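Structure record follows, encoded as structure tokens.
2 protein chains.
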Amino acid sequence: MAATQDEPTNSRRAELLRIAAGLFAEKGFKNTTVRDIADASGIQSGSLYHHFDSKESMVDEILSSFQEELFGSYDEILTSTDDARAKLERAVRVSFEAIDRHRHEVAIFQNEADYLGGFDRFAYLAERNAQSRAVWITLLDDGVRSGVLRSDLDIELTYRFIRDTVWVAVRWYRPGGSLTHSHVADQYLTILLDGIAHA
Amino acid sequence: MAATQDEPTNSRRAELLRIAAGLFAEKGFKNTTVRDIADASGIQSGSLYHHFDSKESMVDEILSSFQEELFGSYDEILTSTDDARAKLERAVRVSFEAIDRHRHEVAIFQNEADYLGGFDRFAYLAERNAQSRAVWITLLDDGVRSGVLRSDLDIELTYRFIRDTVWVAVRWYRPGGSLTHSHVADQYLTILLDGIAHA
DNA sequence: CACCCAACCAAGCAATTGCTTGGTAGGCTA
DNA sequence: TAGCCTACCAAGCAATTGCTTGGTTGGGTG
Numbered sequence: 001m002a003a004t005q006d007e008p009t010n011s012r013r014a015e016l017l018r019i020a021a022g023l024f025a026e027k028g029f030k031n032t033t034v035r036d037i038a039d040a041s042g043i044q045s046g047s048l049y050h051h052f053d054s055k056e057s058m059v060d061e062i063l064s065s066f067q068e069e070l071f072g073s074y075d076e077i078l079t080s081t082d083d084a085r086a087k088l089e090r091a092v093r094v095s096f097e098a099i100d101r102h103r104h105e106v107a108i109f110q111n112e113a114d115y116l117g118g119f120d121r122f123a124y125l126a127e128r129n130a131q132s133r134a135v136w137i138t139l140l141d142d143g144v145r146s147g148v149l150r151s152d153l154d155i156e157l158t159y160r161f162i163r164d165t166v167w168v169a170v171r172w173y174r175p176g177g178s179l180t181h182s183h184v185a186d187q188y189l190t191i192l193l194d195g196i197a198h199a
Numbered sequence: 001m002a003a004t005q006d007e008p009t010n011s012r013r014a015e016l017l018r019i020a021a022g023l024f025a026e027k028g029f030k031n032t033t034v035r036d037i038a039d040a041s042g043i044q045s046g047s048l049y050h051h052f053d054s055k056e057s058m059v060d061e062i063l064s065s066f067q068e069e070l071f072g073s074y075d076e077i078l079t080s081t082d083d084a085r086a087k088l089e090r091a092v093r094v095s096f097e098a099i100d101r102h103r104h105e106v107a108i109f110q111n112e113a114d115y116l117g118g119f120d121r122f123a124y125l126a127e128r129n130a131q132s133r134a135v136w137i138t139l140l141d142d143g144v145r146s147g148v149l150r151s152d153l154d155i156e157l158t159y160r161f162i163r164d165t166v167w168v169a170v171r172w173y174r175p176g177g178s179l180t181h182s183h184v185a186d187q188y189l190t191i192l193l194d195g196i197a198h199a
């Protein structure tokens, strides 16, 4: 797991990471060459190695710092005093917010977690995945127990459906477009909670 | 678009395609080398070129023949005499069935359509995408018009949610596992149509 | 028996890959 | 003014890539 040191003079470094994240998200990690990143940054490929150890270090920093922020938000929800339904709604909204503010990072995680997870260095990705599952299962269990959610649900399957549908939105959602992330979250919660069938 | 010629002696060819599909689905297209495919097939990498023009030809055949089958199923549904709700349910079930029977092909399409779509040769992927959208939008419109579905739905967003949630299941669904594709379809339709909230 | 042909091998080529090396420009500081 | 440090360049290396080439094998067919 990479250290995310926000030292005074890392603006250039941070910019290079942003550029790399965009390329990784768009073309895939392996499919993006260090020369691609260098070209997009207006420097030579070798110059990247003044800032970073390797291409792997770049994704590492991109992913780990994003995950840290995201799970901070989840923790806030879990420890809040909201009721089960409000917590579930907040978790969904926070996720769409993450897509809005960090679409490159989300896309990279969605597309590359399987591949990267194979390396020791990225073992934390699997841990984060388990942690995320724990959050959602807790929220769903609480929902059923408190009578907010239907009791005939297959919790495990429901978790997968929510997780997948929320995060896969990163494929088409574009910040600044005609849809805001909160509008998308509203619509999604409507469908998820009450279904699309006429009452 | 590749011709899918089922000539008498193409068993070896078909087997190589199946092996390639598995690798493309698991590791990605660009991330799978012709040597990987050859190793998995027990032959030399050069020998693949006795059967296929190029690595691209292989995905091409894999994807185009799958798409042909899938859209045949969709057409059957559209031209059937079922009511709006039954058609929608059938479309969902057919999709989960496709995941069950052709998970490699589905996974490849989900993961590589963006990348491959950039090449002229794979322009048909975008056409198929549009065709698929037309199918779902038609089903949803009919549903709203006939009163089966709620009229306050954002049809475009609803389409995206259904499409994404259905197909993304290929990431975790495993044929022969504890869940059958029809059980998954049942649960999904329950959530989709009636929601997860307590009535 | 002579021939054919599908299926393969062994070797290698040109391009692309991640990364290394030795050096330089220019702003800041003691 | 001397020294230092950040950010970079120019060149290239070893490995890997998709694909080509010329040749071999062995089961069938006339």
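Just so you know, the protein sequences line up as chains D and Z, in that order.
With the UniProt record's numbering applied, the first sequence corresponds to residues 1 to 199, in that order.
With the UniProt record's numbering applied, the second sequence corresponds to residues 1 to 199, in that order.
Here a beta-carbon is modelled for each residue, glycine too, at the ideal position from N, C-alpha and C.
In this text, all values refer to a predicted model and were calculated from it rather than measured experimentally.
Burial state of Thr32(Z) (16 or more Cβ within 10 Å): As a working note, residue 32(Z) is residue 32 in the second sequence. Thr32(Z) should be labelled buried.
Contact with chain Z by Phe71(D), beta-carbon distance below 7 Å: Against the first sequence, residue 71(D) aligns to sequence position 71. Not closer than 7 Å to any Cβ of chain Z, the Cβ of Phe71(D) fails to qualify, so no.
Span separating the alpha-carbon of residue 217(Z) from that of Ala126(Z): Given a span of 1 to 199 for chain Z in the structure shown, any question on residue 217(Z) remains unanswerable.
Among Arg150(Z), Leu23(Z), Gly22(Z), Ile108(Z), the one whose alpha carbon lies nearest that of Gln67(Z): For the purposes of this step, residue 67(Z) is taken as the residue at position 67 of the second sequence. Of Arg150(Z), Leu23(Z), Gly22(Z), Ile108(Z), the residue nearest in Cα terms is Ile108(Z).
Which residues DSSP lists as bridging Leu149(Z), in chain order: Sequence index remark: in the second sequence, residue 149(Z) carries index 149 (1-based). Partner(s): Ala197(D).
Beta-carbon neighbours of Gly117(Z), restricted to chain D and to distances below 8 Å: Locating residue 117(Z) in the second sequence gives position 117, where the first residue counts as 1. Those within 8 Å of Gly117(Z) in chain D number zero; the least Cβ separation is about 13 Å.
Cβ-based contacts, 7 Å cut-off: residues of the region 145-160 of chain D near chain Z: Gly147, Val148, Leu149, Arg150, Leu153, Asp154, Leu157, Thr158, Arg160
Option nearest Leu128(D) by Cα separation, candidates Glu69(D), Glu15(D), Lys30(D), Ser80(D): For this step, residue 128(D) is matched to residue 128 along the first sequence. Residue identity check: residue 128(D) is Arg in the sequence provided, not Leu. Among Glu69(D), Glu15(D), Lys30(D), Ser80(D), the Cα nearest to that of Arg128(D) is on Glu69(D).
First and last residue of the uninterrupted alpha helix (DSSP H) at Tyr74(Z): Taking the first residue of the second sequence as position 1, residue 74(Z) is located at position 74. Unbroken alpha helix (DSSP H) run through Tyr74(Z): 55-78.
Distance between Phe122(D) and Leu189(Z) (C-alpha atoms, nearest Å): Translated into positions along the second sequence, residue 189(Z) becomes position 189. Translated into positions along the first sequence, residue 122(D) becomes position 122. Cα to Cα, Leu189(Z) sits roughly 36 Å from Phe122(D).
Thr165(D) beta carbon less than 7 Å from that of Phe96(Z): As a position in the second sequence, residue 96(Z) is number 96, starting the count at 1. As a position in the first sequence, residue 165(D) is number 165, starting the count at 1. Cβ atoms of Phe96(Z) and Thr165(D): not closer than 7 Å.
CB of Val34(D) within 7 Å of CB of Ser45(D), strictly: Walking along the first sequence from the start, residue 34(D) turns up at place 34. Walking along the first sequence from the start, residue 45(D) turns up at place 45. Against a cut-off of 7 Å, the Cβ pair of Ser45(D) and Val34(D) comes out as a contact.
Nearest to residue 230(Z) (by Cα), restricted to the options Ile37(D), Ser182(D), Arg150(D): The first residue shown for chain Z is 1 and the last is 199, placing residue 230(Z) beyond what the model contains.
Interface positions of the UniProt domain "HTH tetR-type" (10-70) of chain Z facing chain D (Cβ-Cβ less than 8 Å), listed along the chain: Lys27, Gly28, Lys30, Asn31
Cβ distance (whole Å) where Phe71(Z) is taken to contact Gln131(Z) below 8 Å: Here the question's residue 71(Z) lines up with position 71 in the second sequence. Here the question's residue 131(Z) lines up with position 131 in the second sequence. Contact holds; Cβ gap of about 6 Å.
Reference His50(D), options Gly117(D), Leu16(D), Thr81(D), closest by Cα: Residue mapping note: residue 50(D) aligns to position 50 of the first sequence, counting from 1. Out of Gly117(D), Leu16(D), Thr81(D), Leu16(D) has the C-alpha closest to the C-alpha of His50(D).
Stretch pair the region 166-180 of chain Z + the region 136-155 of chain Z: three plus CB contacts closer than 8 Å: no
7 Å Cβ cutoff, Ile196(D) in contact with chain Z: As a working note, residue 196(D) is residue 196 in the first sequence. It does; some Cβ of chain Z falls within 7 Å.
Nearest-angstrom Cα separation, counted from Asp154(D) out to Arg18(Z): Sequence index remark: in the second sequence, residue 18(Z) carries index 18 (1-based). Sequence index remark: in the first sequence, residue 154(D) carries index 154 (1-based). Straight-line Cα distance between these residues: approximately 33 Å.
Cβ-Cβ distance between Leu193(D) and Gly195(Z) below 7 Å: For the purposes of this step, residue 193(D) is identified with residue 193 of the first sequence, where counting begins at 1. For the purposes of this step, residue 195(Z) is identified with residue 195 of the second sequence, where counting begins at 1. Result yes, Cβ atoms of Leu193(D) and Gly195(Z) sit closer than 7 Å.
Cα-Cα separation, Lys27(Z) to Ala14(D): Locating residue 27(Z) in the second sequence gives position 27, where the first residue counts as 1. Locating residue 14(D) in the first sequence gives position 14, where the first residue counts as 1. Going from the Cα of Lys27(Z) to the Cα of Ala14(D) covers about 29 Å.
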